[in-house]
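All remarks here apply to the structure that follows.
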Amino acid sequence: MGSVDFYTGKRFYINLKTVSYENFLKFVNASASIPIFTSGVAMNGPIYDFEGETIDFPKLLLFDGGVRDHSPTNKILSSEKSEFQISETTSIFSQPDNIRQVLTPKNFVPSNLLNILERYVEITNAEVSKNDEEQEKKTIESKDIFDHGTFYLPRIMQGVYDVDKASLKKLYEESKKQVNDGTWNSNQAIV
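Counting from 1, position 151 in the sequence shown corresponds to residue 151 in UniProt numbering; the numbering is continuous, with no gaps.
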């Protein structure tokens, strides 16, 4: 579970299996706390990251880990801990490969501050995701991890906070078409 402390800017990855029930709830809420839209989660240190390292800040204000990255994959692949030595991987991004398709607005009307703020979040999210993808590919190459490929889905959702059930189902069905026994480790996977 990922979150970002707004006092230090540090990102945290927590193994939820190793925390108290009280902290479990706090970390889950923090990972869903979108800055400006929702309140952060206040906690006192120390806490321990997923690798068992102590994070000893006197106080924390945690928000969604997506502020700094969207995928914990690179963090796990980069780990030097023996229990996290990954030998093969694949990635599925719920967005098109071409960042222009992601950045082109759907139905954007700058009619109020909330619309502009939502658009800002969409643009920064696209950049964060592309950066995650690039970092992940560098780590895969440098650690010689077998890569089954990277799969991209078409742009279906109408925005970052689109929770329309029909759109989510369509995205799920599209992912099943893209990633199946016929495409797994084939030429259709982008390596």
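Glycine included, each C-beta is placed from N, C-alpha and C at the ideal position.
From a predicted model like this one, the values you see are computed outputs, not experimental measurements.
Query                                                                                                                                                        : Result
On the CB-based measure, 16 or more other CB atoms within 10 Å of its CB, does Leu-153 come out buried or exposed?                                           : buried
From which residue to which residue does the alpha helix (DSSP H) around Thr-73 run?                                                                         : 73 to 78
Following the continuous beta strand (DSSP E) through Lys-59, name the residue where it begins and the one where it ends.                                    : 59 to 64
Taking the alpha-carbon positions, what's the Ser-20 to Arg-100 distance?                                                                                    : 43 angstroms
Run the CB neighbour count on Ile-36, radius 10 Å, all protein chains shown included, and call it buried at 16 or more, exposed below.                       : exposed
Closer than 8 angstroms, CB to CB, is Thr-90 near chain D or not?                                                                                            : No chain D appears in the structure shown, which is made up of a single protein chain.
According to DSSP, is Ile-123 part of a helix, a strand, or is it coil?                                                                                      : helix
For Ala-30, count the other beta carbons within 10 Å of its own beta carbon; 16 or more makes it buried, fewer makes it exposed. Which is it?                : buried
Counting only the same chain and skipping the five closest in sequence on each side, list residues whose C-beta sits under 8 angstroms from that of Asn-115. : Phe-108, Val-109
For Thr-104, which three-state DSSP category applies?                                                                                                        : coil
Pull up the CB-CB distance for Arg-155 and Gln-85, whole angstroms please, since I reckon it's below 8 angstroms.                                            : Actually they are not in contact, since the Cβ atoms of Arg-155 and Gln-85 sit about 35 angstroms apart, beyond 8 angstroms.
For Leu-103, count neighbouring Cβ atoms within 10 angstroms of its own Cβ and tell me buried if that reaches 16, exposed if not.                            : exposed
On a Cα-Cα basis, can you pick out the residue from Glu-51, Leu-62, Phe-57, Asp-144 that is closest to Lys-75?                                               : Glu-51
What is the residue span of the beta strand (DSSP E) that Ser-3 lies within?                                                                                 : 2 to 5
Check whether the Cβ atoms of Phe-57 and Ser-33 sit closer than 8 angstroms, and answer yes or no.                                                           : no
Going by the DSSP bridge assignment, what does Ile-92 pair with across the sheet?                                                                            : Phe-151
I'd like to confirm the pairing. Which residues does DSSP put opposite Phe-146 in its beta bridges?                                                          : Glu-88
Taking C-beta to C-beta, are Gly-45 and Lys-59 nearer than 8 angstroms?                                                                                      : yes
Identify whether Phe-37 lies in helix, strand or coil by the three-state DSSP scheme.                                                                        : coil
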